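Notes to accompany the following structure.
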Amino acid sequence: MECSTGVRSLSLLLLGAAGAASASAISVRDPVPDGYASPPSYPAPYGGWADDWSESYAKAVKLVSQMTLAEKTNITAGTGQRCVGNTGSALRVGFPQLCLQDGPLGIRATDNNTAFPAGITTGATWNKDLMYERGAAIGQEFRGKGANFYLGPSVGALGRKPRGGRNWEGFGSDPVLQAVAGAETIRGVQDQGVIATLKHLIGNEQEMYRMYNPFQSAYSSNIDDRTMHELYLWPFAEGVRAGVASVMTSYNDVNGSAASQNSHVINGLLKEELGFQGLVMTDWLSQLSGVGSALAGLDMSMPGDTVANEIPLTGNSHWMYELTRSVLNGSVPVDRLNDMATRIVAAWYQLGQDQDYPEPNFSANTADAIGPLYPGALVSPSGVVNEFVNVQADHAVVAKQVAQEAITLLKNDDGLLPLSNTTGALHLSVFGTDARADPKGINSCTDKSCNRGTLGMGWGSGSANYPYLDDPISSLRRKVANVTFYETDTFPSRDVPAPGADDVAIVFLSSDAGENSYTVEGNHGDRDADGLSAWHGGDKLVQDAAAAFSNVVVVLHTVGPLVLEPWIDLPSVKAVLVAHLPGQEAGDSLTEVLLGEASPSGHLPYSIPRSEADYPASVSLVANPTLSQIQDTYTEGLYVDYRHLNRAGKPARFAFGHGLGYAAFALSDASVEAGSNSDMTSSDLPAPSPKPASPVADLDTAIPAAAEAYEPDGFGRIWRYLYSWLSKSDADKARAVAESGENKYPYPEGYSAVQKDTLPPAGGANGGHPALWDVAYTVRVTVTNTDANTATNSNTSTTNKGNSTSSSSAGGYAGKAVAQAYVQFPDDNGGYDTPVIQLRDFAKTRSLGPGESEVLELRLTRKDVSVWDAARQTWVVPNPGARYRIWVGQASDDLAVVCYSDTLQCETGVKGPV
């Protein structure tokens, strides 16, 4: 989302302002290329037909049936107050104003909170339990602050573009890794009674040119149907399966239709095919129309204003009073408003927020205790707006564990790591300003919109304030007696004494990115200026350190992949660690790994290429100096990240899933069995069950009396605030239009008001057809820590032969291993083009000491062995009797175990497919 933490366009609880919205959507768009389409899908399906939502909908229908027209419209749009977004209320019937708050890694723009590691760091743990625990801790903090909505997790951007500005908010450049981490986060958050918001739907893979402005349309992400289902929609389906109660649309167009009013995406894909029962909201200021967005399935407008009114704030809205008018004059059917309001209220009930839920105790507008009660007004009374409630509890423990388990050891030549500090003779020379906290203050840049000091998170609405920052240099100084810190990003040749043969240099590098609402060192959200190179001349710093020292360790704090070729093969560069974006626990989480107090167990959530030219040209950033719409066409289809590199025969420098450790692990005793409840003899899904009736249909659909929209007598308006009421004159005029039958609203092509009573072939509640989730195959593999005081050289070749081993007088190291399962479709696959391998599941062991073992279980569902058939509009298992290979290993290029679907046999010690 994009909204500043200063004065926002705000409004009161149940208020309204007369007057028409002045801003309108840009009506002329450039045509999208042939083959990319966004067909109409109407009407917006009712919610409430899934069994696990039935109780919440029954309560919601009862409550909504008591609301007036103005109360219904009021709860569907933003009104402001303390949070980055607030709905209106219907206090007469007991429905409160709801607080919506950023962001994905912790509560934004407040205090006494935890700054958790970012999503990309969480993905790098490959630890499902930790993903859940982080989500639960975040949920506890949002609830403790009185926020009803957690505006996360982010699974779009998927990471298609390596330079993409917000990739770091998500979990990695693979739909399954994104899906699993997103679903576990949702479960963790919502188990605390907080509404999670899965975002951004869909195709928000670049920050520049993402938003509409008065002169240019947002770019259009042009995605073919199969690619949409198998990559970009995949994590949303898993999030819906996990029970997410809210979804946020993206700023951009999808196949030429704005995401916030794209009926195919919202109605057809999300609500019909995936059976989503919750509410759909806009990203901030992305609503482009009133009636059109309502018909297309939008349920909530945030923050309520039109895009043209952010500066100055003039109090115009596409909804609120305009939605009231549109219902009264017959433009928006009453049943659509009923469904919008019921979805919102049902989500509130579904998460138990009707029972003892705390009110907001913070302000996202000021850090002071006393502030304006109506910050959108020019003149406002003041009062207590911040109560400084501490919600951190013991969440630093979870935050540190995520930061530490994400640390990814790329290279460890000569077993340099872990560093031995037992005799106290270790001397460290530390280079790079990324090693220390920002000297101007850890929260000195709004929304982290600078790269000055240790990079713990990217910038923008996905950031949070640090309660403190344990920076690496402070931790090193606590743990090592002899540390010299050169606080510079340029190697100070004259100041560095000639190092001894055993002296170690640690060089800290960073690469930042964020939201397009800020430009940082020439980077407009995306890494358009610095690309995939380290910031602040970091490559030169490593080269110079490697020329002076025999032992160099490089630590990367980065939002995504970096090209390491300028220095990765230098003999002195013995070890490389990716610490990702560790949040507040950047220090001890890292130094404990450097000193062997913990073994690295992270694995890359993306590939690191040898050259940015190794990627397909279509994943480059797009721009257009003219004012025509930018077309971002996904011609690479399914082939992003490792899928593309494998097909193109361009081995990564470090492959997707790569990660070394101090212990060595072996996989053995693999077995596979077919699922007992999955019919894999047929390529087709069973016919979907009939679509159950929705209780929303029981609500009154007659256009209400104009009096339900009248503003109260004597009400004093506040200029620039939004209201859902109309003046008596305007309400009467609107109602008269409906009575006359003269409504001339131009309904979109393909529009229908008749609810569908059948599901699409792949449709079903909570994620799609239920058979897609049947377990097709279960693989079990024994993982053994084989480390026993042996030393191995881990070079920089593209093949990861398990976790590296370094010598230890104690007789070996404990550590955690990750088993990754990839599917390879049959050679005879019915003509469907499929990537060589695709990740389908993963599991992580507990900490295993030398000689210890654990059996890990990996599951593939029917969907995992299916492809999307665009012509038939359903999932198909190509040639179900043929041989599907399930490859298991410790990285995408380290797959030495294979199991066969036809014989249900497994082999170990084989050559992998890539």
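Numbering (mature numbering (1 follows the signal peptide of the UniProt record, and there is no 0)), first residue to last: -25 to -1, 1 to 889.
Virtual Cβ for every residue (Gly too), placed ideally from N, Cα, C.
Since the model is a prediction, treat every value here as computed from it, not as a measurement.
Simplified DSSP assignment, three categories, for residue i
i: Asn49; result: helix
i: Ile481; result: strand
i: Glu30; result: helix
i: Lys120; result: coil
i: Lys886; result: coil
i: Asp869; result: strand
i: Phe524; result: coil
i: Pro347; result: strand
i: Arg847; result: coil
i: Arg300; result: helix
i: Val266; result: helix
i: Met42; result: coil
i: Met203; result: helix
i: Asp644; result: strand
i: Arg695; result: coil
i: Tyr720; result: coil
i: Met275; result: strand
i: Arg109; result: helix
Close beta carbons around residue i, own chain, < 7 angstroms, minus the five adjacent residues each side
i: Ala(-9); result: Legend: pLDDT at Ala(-9) = 28, less than 50; position of this residue unreliable, value from coordinates given subsequently. If we look at Ala(-9) and ignore the five residues flanking it on each side, its Cβ neighbours are Gly290, Tyr296, Arg692, Tyr696, Leu697, Tyr698.
i: Gln328; result: Asn123, Gly168
i: Gly632; result: His578, Leu579, Gln795, Ala866, Ser867
i: Ile1; result: Per-residue confidence for Ile1 stands at a pLDDT of 43, beneath the threshold of 50, marking its modelled position as unreliable; the derived number appears in the next sentence. Excluding sequence neighbours, Ile1 sits near Tyr187, Ser192.
i: Lys625; result: Asp589
i: Tyr875; result: Arg858, Arg860
Sequence-distant residues of its chain with Cβ nearer than 6 angstroms to residue i (five each side left out)
i: Val712; result: Asn304, Asn718
i: Tyr11; result: Asn197, Asn230
i: Leu734; result: Pro663, Lys666
i: Gly571; result: Pro393
i: Gly399; result: Ala456
C-beta atoms of residue i and residue j nearer than 8 angstroms
i: Ile319; j: Leu273; result: no
i: Trp209; j: Pro128; result: no
i: Glu180; j: Leu133; result: yes
i: Val530; j: Ile481; result: yes
i: Gly163; j: Ala111; result: yes
i: Asp803; j: Ala857; result: yes
i: Ala378; j: Glu490; result: no
i: Ser485; j: Asp409; result: yes
i: Gly431; j: Leu556; result: yes
i: Trp294; j: Thr54; result: no
i: Asn418; j: Asp478; result: no
i: Thr429; j: His511; result: no
i: Gly265; j: Ser301; result: yes
i: Leu552; j: Pro447; result: no
i: Leu105; j: Ala93; result: no
i: Met223; j: Leu126; result: yes
i: Ala158; j: Phe146; result: no
Closest by C-alpha distance to residue i, when choosing among the options
i: Leu596; options: Tyr187, Ser195, Arg83, Ile95; result: Ser195
i: Ser221; options: His239, Ile198, Met315; result: Met315
i: residue 891; options: Asp329, Val458, Asp310, Thr172; result: Residue 891 lies beyond the range of the chain shown here (-25 to 889); nothing can be said about it.
i: Asn61; options: Thr753, Gly69, Cys74; result: Cys74
i: Phe800; options: Ser822, Gly636, Leu835; result: Leu835
i: Ala439; options: Gly475, Gly634, Arg83, Ser664; result: Arg83
i: Trp694; options: Ala681, Thr48, Gly351, Gly145; result: Gly351
i: Ser657; options: Glu108, Val851, Gly636; result: Val851
i: Ser338; options: Leu613, Ile678, Gln76; result: Gln76
i: Ala45; options: Pro687, Asp228, Gln367; result: Pro687
i: Ala35; options: Tyr807, Gln880, Gly69, Gly250; result: Gly69
i: Ala818; options: Gly98, Arg837, Thr43; result: Gly98
i: Pro745; options: Lys103, Ala212, Leu206; result: Ala212
Beta-carbon separation (whole angstroms), residue i vs residue j, contact threshold 8 angstroms
i: Leu833; j: Ala794; result: 6 angstroms
i: Ser593; j: Tyr609; result: 7 angstroms
i: Thr757; j: Asp869; result: Going by Cβ atoms, the distance from Thr757 to Asp869 rounds to 17 angstroms, so no, they are not a contact pair.
i: Val360; j: Ile345; result: 7 angstroms
Cβ-based neighbour list, residue i, same chain, cut-off 8 angstroms, excluding 5 preceding and 5 following
i: Glu540; result: Arg585, Ser586, Arg628
i: Arg311; result: Pro18, Ala19, Ala269, Leu270
i: Lys246; result: Ala19, Pro20, Gly22, Val255, Gly272
i: Leu823; result: Ala638, Phe640, Val758, Thr759, Asn760, Ala789, Gly790, Lys791, Ala792, Glu829
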